[in-house]
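I have placed the structure first, in the form of structure tokens, so that the comments after it can refer back to it.
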DNA sequence: GAATACTTGACCATTCTACTCGGGAACTCT
DNA sequence: AGAGTTCCCGAGTAGAATGGTCAAGTATTC
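Protein chains in written order, with the numbering used here: chain A, 1 to 170; chain B, 1 to 170.
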């Protein structure tokens, strides 16, 4: 999973859309949100937003309405839209520097799987699981803080001293 | 926390160093590993490795020995070196596109904290906690797989159906 | 003192980001 | 009908970051 500012902008815009929709639950919601409004509120260039929303629309996350009074609407209620989906829609999955994505293709020149392969694979999983556990509604309602937990049910060598360091870091 | 290929290369090199050291536990270990060897094994350019190890040395993760037979040595046993430390040493913490890093400085033009601020903060924490729970020894001994767990002890709206989707994804 | 190996700094090609621009197509009003 | 509003799409682009190379050192050992 790629993590760039493009993805961040997309989530910002989607959060804005979710927060400023009159009521996304009703299918015949009469008021889509115009990109120009989002651009003004979030201070993102309109043309750039258009690019992002083109991808979001292709990804089935939003629907569009053209003409005066038109704009964008969430395809589903915000509680059902996961952050991971938004980021995957706009950030095409990068080939993670050797280690061909996904499969167990060789990453060293000898064709073997490199030592760190599992680590990046696992980190990607970790990020994906986290971002899949957060919905757009969670972000809008600011119910995100405090979710990061060590959660090592299998043997971790995190001593008490080290855990303290982590808490103090940054 | 930044996640670039630079960090990946650094972890690869450190794993190589840990795996090819005669015995890093003994203080007076007579055989440091030369960068040229690591470069050959990992297929990374020597000059690039030099840059990485300069930062790793400044970060106190490795010690260097000059002259013939010289090279680099882990500063501590590999079980005590966390992956997070390696990445932090080589990848200077980026300013996360508005949202000034760390503090609660305003990220919108009005100076308020943006809606998505908490999300990125929390994601950063999640990544940091994960990478801090993995030691260099874990990577070398390939004891990494299966650590990514949903771990949502507080209310998550992940339905059974969605959890299935996640498992199937990618 | 010669060989080895780390140290430093300048430099460079390529890629990515975050846009802009220009035109077009659908739609709704008057 | 036509004018204005909005989405749609493709090409282009300045600037920064990535991932390196190259050259000239300095320290250490044999």
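Idealized CB from N, CA, C, for every residue including glycine.
Quick check: is the beta carbon of residue 51 (chain A) nearer than 9 angstroms to any beta carbon in chain B? Working through the first chain from its first residue, we reach residue 51 (chain A) at position 51. Closer than 9 angstroms: no.
Hey, residue 139 (chain A) and residue 87 (chain A) are a contact pair by Cβ (cut 8 angstroms); roughly how many whole angstroms apart? Taking the first chain and counting its residues from 1, one reaches residue 139 (chain A) at position 139. Taking the first chain and counting its residues from 1, one reaches residue 87 (chain A) at position 87. Contact flag wrong, Cβ pair sits at about 12 angstroms.
Return yes when at least one heavy atom of the ligand NAD lies under 8 angstroms from the C-beta of residue 133 (chain B), else no. In the structure shown, the ligand NAD is absent, as is every other ligand, since no ligand is present at all.
Which same chain residues end up closer than 6 angstroms to residue 58 (chain A) when comparing Cβ atoms and leaving out the 5 residues on each side of it in sequence? One-based indexing of the first chain puts residue 58 (chain A) at position 58. Counting only Cβ-Cβ distances below 6 angstroms, and skipping sequence neighbours, we find nothing.
Go through its chain and collect everything with a Cβ distance to residue 7 (chain B)'s Cβ below 8 angstroms, but skip five positions before and after it. Reading the second chain from its first residue, position 7 is the one you call residue 7 (chain B). Within the same chain, 86, 87, 90 and 91 come within 8 angstroms of residue 7 (chain B) by CB-CB distance, once the 5 residues on both sides are set aside.
Determine the DSSP secondary structure at residue 139 (chain A), reduced to helix, strand or coil. Taking the first chain and counting its residues from 1, one reaches residue 139 (chain A) at position 139. DSSP places residue 139 (chain A) in helix when its eight states are reduced to three.
For residue 74 (chain A), which residues does DSSP report across the bridge? One-based indexing of the first chain puts residue 74 (chain A) at position 74. Residue 74 (chain A) is bridged to A:62.
N-terminal and C-terminal residue of the alpha helix (DSSP H) that residue 31 (chain A) is part of: Residue numbering aside, residue 31 (chain A) sits at position 31 when the first chain is read from its first letter. The continuous stretches of alpha helix (DSSP H) do not include residue 31 (chain A), and DSSP gives it neither H nor E.
In angstroms, rounded to a whole number, what distance separates the CA positions of residue 40 (chain A) and residue 64 (chain A)? Working through the first chain from its first residue, we reach residue 40 (chain A) at position 40. Working through the first chain from its first residue, we reach residue 64 (chain A) at position 64. Their backbone Cα atoms lie some 19 angstroms apart in a straight line.
When you compare the segment 11 to 18 of chain A with the segment 71 to 81 of chain A, are there three or more beta-carbon pairs, one atom per stretch, that lie closer than 8 angstroms? A contact exists between the segment 11 to 18 of chain A and the segment 71 to 81 of chain A.
Taking the continuous alpha helix (DSSP H) assigned at residue 44 (chain A), which residues delimit it? Residue mapping note: residue 44 (chain A) aligns to position 44 of the first chain, counting from 1. Unbroken run through residue 44 (chain A): none, as it is neither H nor E.
Quick one: does residue 115 (chain B) have its CB under 9 angstroms from some CB of chain A? Start at 1 with the first residue of the second chain, and residue 115 (chain B) comes out as number 115. Contact of residue 115 (chain B) with chain A is assigned, a C-beta pair being separated by under 9 angstroms.
So is residue 91 (chain A) in contact with chain B if we call contact Cβ pairs under 9 angstroms? Taking the first residue of the first chain as position 1, residue 91 (chain A) is located at position 91. Any Cβ of chain B closer than 9 angstroms to the Cβ of residue 91 (chain A) would place that residue at the interface, and such an atom is absent.
Reducing DSSP to helix, strand and coil, say where residue 82 (chain B) ends up. In the second chain, the residue the question calls residue 82 (chain B) occupies position 82. Residue 82 (chain B): strand per DSSP, three-state reduction.
Residue 18 (chain A) in three-state terms, based on DSSP: Indexing the first chain from 1 puts residue 18 (chain A) at position 18. Three-state DSSP puts residue 18 (chain A) in a helix.
Note down, in chain order, each residue of its chain lying with its Cβ closer than 8 angstroms to the Cβ of residue 52 (chain B), except the 5 sequence neighbours on either side. One-based indexing of the second chain puts residue 52 (chain B) at position 52. Around residue 52 (chain B): 6, 9, 10, 13 and 90.
Buried or exposed for residue 124 (chain B), please, with buried defined as at least 16 other CB atoms from any protein chain shown within 10 angstroms of its CB. Within the second chain, residue 124 (chain B) is the residue found at index 124, counting from 1. Buried, because 16 or more other Cβ atoms sit within 10 Å of the Cβ of residue 124 (chain B).
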